[in-house]
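*Asks:*
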Ligand code: FES
Ligand SMILES: [Fe+2]
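Residue numbers (my numbering): 134 to 552.
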């Protein structure tokens with residue numbers, strides 16, 4: 134249980150808030166590359182502030198305060214030009230660093246005159262089919278090239294904006310017992326009520342033990358299910374919460390970065406960034422990047438709870454816009470949640486002391502690999518197929534193709550008899 138001020142310190146994301154300062158130390162995905170190719174300026178709300186993100190004709194990205202410093206029109210309605218963005222109202226032009234480089238109606242548009250006319254800016258860049266933004270202080274850290282964003286494979290990106298604070302989603306990443314209850318017992322209950330079959334991959338996941346190991350990119354979560362040998366990947370390798378807004382999960386040829394971008398205190402952009410890359414798959418050059426919105430409410434406004442992420446979303450959203458941690462009852466099984474809060478508190482202390490918090494990457498690099506079970510729950514390609522059938526990927530326009538990709542790859546690996 135926390136006091137109100139402790140809960141506020143952990144959850145508020147705006148500028149000046151302790152956690153807001155921590156969160157401004159990281160890069161965030163803010164759009165799909167295809168969106169800026171379709172139209173080169175978009176509004177982005179990130180950490181409680183509004184920005185205009187844009188792509189110049191030459192292909193560089195910028196992100197600037199939405200409000201034009203001249204008289205406040207929205208730069209979301211600006212024009213992209215060589216080297217920058219020009220306000221639609223009176224034509225002040227800003228480069229990707231936010232400097233004012235031209236004032237249309239001003240006879241004296243000298244550099245000296247334009248000093249002080251710039252717009253607040255961040256940095257923007259492209260990686261893995263997404264446009265990323267950094268809106269914190271200089272010097273900007275490296276944009277981390279986690280394996281998900283650079284590996285070969287078909288990219289299948291489901292996303293939705295959820296009406297809740299990002300932290301309750303992160304706490305769920307270090308809460309392994311919910312798999313047994315929410316994705317096991319509750320899923321069975323819903324399947325029985327609906328008269329639909331319960332997916333085998335999610336039954337009987339009873340935990341024998343769990344462990345949480347802080348490491349340089351967050352917290353590794355390990356679990357051993359009853360009946361699993363101690364040398365199972367789930368126990369010896371595990372998978373991580375990637376500080377401060379992601380979880381890396383997968384196995385059996387499916388790799389997924391679950392990304393939770395804090396839009397503001399009470400909204401989170403929840404992105405399931407999945408790469409299909411089973412051993413033995415024939416993935417051509419230039420594999421597709423597909424994005425789509427998954428559904429989580431039905432026509433009556435009830436949560437859709439007959440798929441895995443829908444169940445998670447029910448739990449995250451029904452905890453409230455900002456979960457009230459002043460009335461919770463934490464028990465021993467919440468040990469991972471406590472580890473997560475500790476890491477966030479330590480990050481606040483680090484930033485207040487002028488140090489980088491955990492998982493800020495300063496060294497240039499090609500790829501950052503994170504631990505991940507190779508064989509999830511000891512199951513093969515059927516796990517991948519079940520994951521597509523029973524997860525948010527069922528809303529993917531390429532769901533059937535991806536199931537076939539996994540089955541074909543398994544048959545090439547001779548894991549399954551050829552069809
Ligand atoms: S308000 Fe943008 S140029 Fe005048
Ligand atoms: Fe879950």
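Heads up, the beta-carbon is just placed ideally off N, CA and C, and yes, glycines get one too. Please read these numbers as outputs of a predicted model, since none were measured by experiment.
Under 7 angstroms between the Cβ atoms of residue 358 and residue 338?
*Replies:* yes
*Asks:* Within 10 angstroms of the Cβ of residue 322, are there 16 or more other Cβ atoms? Answer buried if so, exposed if not.
*Replies:* exposed
*Asks:* Excluding the five sequence neighbours on either side, which residues of its own chain have a C-beta within less than 7 angstroms of the C-beta of residue 145, listed in chain order?
*Replies:* 152, 153 and 398
*Asks:* Our contact map puts residue 256 next to residue 266 with C-beta atoms below 8 angstroms; I'd like the distance itself, whole angstroms only.
*Replies:* 7 angstroms
*Asks:* Select from 142, 199 and 441 the residue whose C-alpha is nearest the C-alpha of residue 319.
*Replies:* 441
*Asks:* With the cut-off set at 7 angstroms, would you say residue 370 and residue 504 are in Cβ contact?
*Replies:* yes
*Asks:* For residue 386, which residues of its own chain have a beta-carbon under 8 angstroms away from its beta-carbon, when the five flanking residues on both sides are left out?
*Replies:* 409, 410, 411, 412, 414, 514, 517, 539 and 542
*Asks:* In angstroms with no decimal places, state the Cα-to-Cα distance between residue 340 and residue 168.
*Replies:* For residue 340 and residue 168, the distance between alpha carbons rounds to 42 angstroms.
*Asks:* Check the DSSP bridge columns for residue 178 and list the partner residues they point to.
*Replies:* 183
*Asks:* Which of the three DSSP states is assigned to residue 547 in this structure?
*Replies:* coil
*Asks:* Just to check, is the beta-carbon of residue 184 closer than 6 angstroms to a non-hydrogen atom of ligand 1?
*Replies:* The answer is no for residue 184.
*Asks:* Taking the alpha carbon of residue 534 as the reference point, which residue from 420, 436 and 283 has its own alpha carbon closest?
*Replies:* 420
*Asks:* Give the secondary structure of residue 233 by DSSP, where H, G and I count as helix, E and B as strand, and everything else as coil.
*Replies:* strand
*Asks:* Since residue 317 contacts residue 525 with CB under 8 angstroms, what's their CB separation in whole angstroms?
*Replies:* About 18 angstroms separates the two Cβ atoms, so there is no contact after all.
*Asks:* Quick check: residue 215 and residue 423, are their CB atoms within less than 7 angstroms of each other?
*Replies:* no
*Asks:* Would you report the Cα separation of residue 552 and residue 508, rounded to the nearest angstrom?
*Replies:* Its pLDDT being 46, under 50, residue 552 is placed unreliably by the model, and the measurement read from it follows with that caveat. So the two alpha carbons sit approximately 23 angstroms from each other.
*Asks:* Under 6 angstroms from any heavy atom of ligand 1, does the C-beta of residue 203 make it?
*Replies:* yes
*Asks:* Helix, strand or coil, according to DSSP, for residue 349 in the structure here?
*Replies:* Three-state DSSP puts residue 349 in coil, outside helix and strand.
*Asks:* What number of angstroms, rounded off, separates the C-alpha of residue 373 from the C-alpha of residue 234?
*Replies:* 44 angstroms
*Asks:* Over what stretch of residues does the alpha helix (DSSP H) that includes residue 105 continue unbroken?
*Replies:* Nothing about residue 105 can be read from this structure; the chain reaches only from 134 to 552.
*Asks:* Of all the beta strand (DSSP E) runs that stay within the bounds of the segment 215-291, which reach a length of 3 or more residues?
*Replies:* 217-219, 225-228, 233-236, 256-260 and 263-267
*Asks:* Just tell me which of 438, 159, 188 and 522 has its CA closest to the CA of residue 326.
*Replies:* 438
*Asks:* Might you give, ordered along the chain, the residues of its own chain that have their beta carbon closer than 8 angstroms to the beta carbon of residue 296, omitting 5 neighbours on each side?
*Replies:* Shown here for residue 296: same chain residues with a beta carbon closer than 8 angstroms to its own, the five before and five after excluded, namely 399, 400, 450 and 454 in chain order.
*Asks:* Report the residue ranges of all beta strand (DSSP E) runs contained in full by the segment 353-407; include only those spanning at least 3 residues, in chain order.
*Replies:* 372-375, 379-384 and 387-397
*Asks:* Is there at least one non-hydrogen atom of ligand 1 closer than 6 angstroms to the beta-carbon of residue 279?
*Replies:* no
*Asks:* What three-state label does DSSP hand residue 309 in the structure shown?
*Replies:* Note: residue 309 maps to coil in three-state DSSP.
*Asks:* Which value, in whole angstroms, describes the spacing of the CA atoms of residue 368 and residue 355?
*Replies:* 5 angstroms
*Asks:* Would you tell me roughly how many angstroms separate the C-alpha atoms of residue 242 and residue 490, rounded to the nearest one?
*Replies:* 42 angstroms
*Asks:* Within 6 angstroms: the Cβ of residue 445 and any heavy atom of ligand 2?
*Replies:* yes
*Asks:* Where does residue 151 fall in DSSP's three states?
*Replies:* helix
*Asks:* Ligand 1 heavy atoms versus the CB of residue 220: any closer than 6 angstroms?
*Replies:* Yes; taking the cut-off as 6 angstroms, the Cβ of residue 220 has a heavy atom of ligand 1 nearer than that.
*Asks:* Can you tell me the Cβ-Cβ gap for residue 194 and residue 264, rounded? I've got them flagged as a contact below 8 angstroms.
*Replies:* 6 angstroms
*Asks:* Would you mind reading off the limits of the beta strand (DSSP E) that contains residue 422?
*Replies:* Counting along the chain, the unbroken beta strand (DSSP E) around residue 422 starts and ends at 422-426.
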